[in-house]
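K.L.:
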Ligand code: DGL
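Numbering (the working numbering), first residue to last: 8 to 290.
1) Could you tell me the boundaries of the beta strand (DSSP E) in which residue 252 lies?
2) Measuring alpha carbon to alpha carbon, tell me which of 252, 218, 274 and 105 ends up nearest residue 260.
3) Quick one: grab the DSSP three-state call for residue 14.
4) In whole angstroms, what separates the C-alpha of residue 90 from that of residue 56?
5) For a test of the three-state rule: what should DSSP assign to residue 280, helix, strand or coil?
6) Considering only residues of the same chain and omitting the five flanking positions on each side of residue 73, which have a CB-CB separation below 8 Å?
7) Could you check if residue 53 is buried or exposed, using at least 16 other CB atoms within 10 Å of its CB as the buried criterion?
8) How about residue 25 and residue 77: do their beta carbons lie closer than 8 Å?
9) Return the first residue and the last residue of the beta strand (DSSP E) that residue 121 is part of.
10) Could you please give me the residues that DSSP links to residue 61 through a beta bridge?
11) For residue 189, which of helix, strand or coil comes out of DSSP?
12) May I ask which residues mark the beginning and end of the beta strand (DSSP E) holding residue 98?
13) Using C-beta distances below 6 Å, list every residue in its chain close to residue 117, excluding the 5 sequence neighbours before and after it, in chain order.
14) Could you give the distance in angstroms between the alpha-carbon of residue 223 and the alpha-carbon of residue 217?
15) Just to confirm before moving on: does the CB-CB distance between residue 194 and residue 81 stay below 8 Å?
16) Can you name the residues that DSSP bridges to residue 148?
17) Among 158, 87, 149 and 61, whose alpha-carbon lies nearest the alpha-carbon of residue 20?
So this is what it looks like as structure tokens:
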């Protein structure tokens, strides 16, 4: 069991930011990643649809043999975690709880912490980050806003263009007025635009990367559950090396192109598969 890989799924390519955080923190683990590129984006879809997609993705990864499932997609974490846990007999870690808790820890020196959250429309409407933050602190006030155009801008690699700054200015004006102590990057793509976001909200605002917060919690969970890989992986680990396997539900070439932008490298092992209709195929 302990030698099995950790499963990660996302609606598409954005979850590679979470993969990178896990890979950096856990060099002795292997990963299997599923990007649901056929059905991305999730951030504008309904609860029922996101739940259905999330369950199909989780069942696909579980069928490969994994020891733990990380739901890298903030939208799927916000909307579908209870349903996934009901269906998968494994530990499941989403990004919302870790991101919310980290924001509270990082503002714990404040009497009245102000925490802002930026995310997709579906994540914002779910109120999942607000709930996670309130569970960790009843003193914190929370302001949330959706920044949907950040997703295509990150995928285009427009990380320093004037257009990106002007869109950030428009989205983040209200965040600046709220004057937060910390700001949660509550969408897989937003860490790619970290510099633009930091410059727009001001250098004194602490940015919280939910993927990094999740990697910290996964490390603790592996230790607590005794699930860490007991066999030392020898040699240097590289992002996307032969030990990690990537699956997409469509457009593998585009996935590889955006992976190069996000990670500076492309998966050695990348396969296109279908995750839906698998039960029908079996009969
Ligand atoms: N991965 C999604 C998230 O973190 C962003 C892209 C989408 O809308 O599917 O919420």
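For each residue, glycine too, the CB sits at the ideal point set by N, CA and C.
P.N.:
Well, looking at it:
1) Taking the first residue of the chain shown as position 1, residue 252 is located at position 245. 252-255 is the span of the beta strand (DSSP E), which, as asked, contains residue 252.
2) Reading the chain shown from its first residue, position 253 is the one you call residue 260. With distances taken between Cα atoms, residue 260 lies closest to 274.
3) Counted from its first residue, the chain shown places residue 14 at position 7. Residue 14: strand per DSSP, three-state reduction.
4) Residue 90 sits at position 83 when you count from the first residue of the chain shown. Residue 56 sits at position 49 when you count from the first residue of the chain shown. Going by the C-alpha atoms only, they are around 12 Å apart.
5) One-based indexing of the chain shown puts residue 280 at position 273. Residue state, collapsed to three classes: coil.
6) For this step, residue 73 is matched to residue 66 along the chain shown. Closer than 8 Å at the Cβ level, and outside the excluded window around residue 73, lie 11, 12, 13, 14, 39 and 97.
7) Position 46 of the chain shown, counted from the start, is the residue given in the question as residue 53. Exposed, by the Cβ-count rule.
8) Taking the chain shown and counting its residues from 1, the one referred to as residue 25 is at position 18. Taking the chain shown and counting its residues from 1, the one referred to as residue 77 is at position 70. Yes. Within cutoff.
9) The count along the chain shown starts at 1 and reaches residue 121 at position 114. Run containing residue 121: 121-126, per the beta strand (DSSP E) assignment.
10) As a working note, residue 61 is residue 54 in the chain shown. None, per the DSSP bridge assignment.
11) Start at 1 with the first residue of the chain shown, and residue 189 comes out as number 182. Three-state DSSP puts residue 189 in a strand.
12) One-based indexing of the chain shown puts residue 98 at position 91. Residue 98 -> beta strand (DSSP E) spans 98-101.
13) On the chain shown, residue 117 is found 110 positions in, with the first residue counted as 1. For residue 117, where only same-chain residues beyond five positions count, the Cβ hits under 6 Å are 188.
14) Position 216 of the chain shown, counted from the first residue, corresponds to residue 223. Position 210 of the chain shown, counted from the first residue, corresponds to residue 217. Rounded to whole angstroms, residue 223 to residue 217 spans 10 Å at the Cα level.
15) For the purposes of this step, residue 194 is taken as the residue at position 187 of the chain shown. For the purposes of this step, residue 81 is taken as the residue at position 74 of the chain shown. Cβ atoms of residue 194 and residue 81: closer than 8 Å.
16) Start at 1 with the first residue of the chain shown, and residue 148 comes out as number 141. Note: residue 148 sits in a beta bridge opposite 121.
17) As a working mapping, residue 20 is identified with position 13 in the chain shown. Ranking 158, 87, 149 and 61 by Cα distance to residue 20 puts 158 first.
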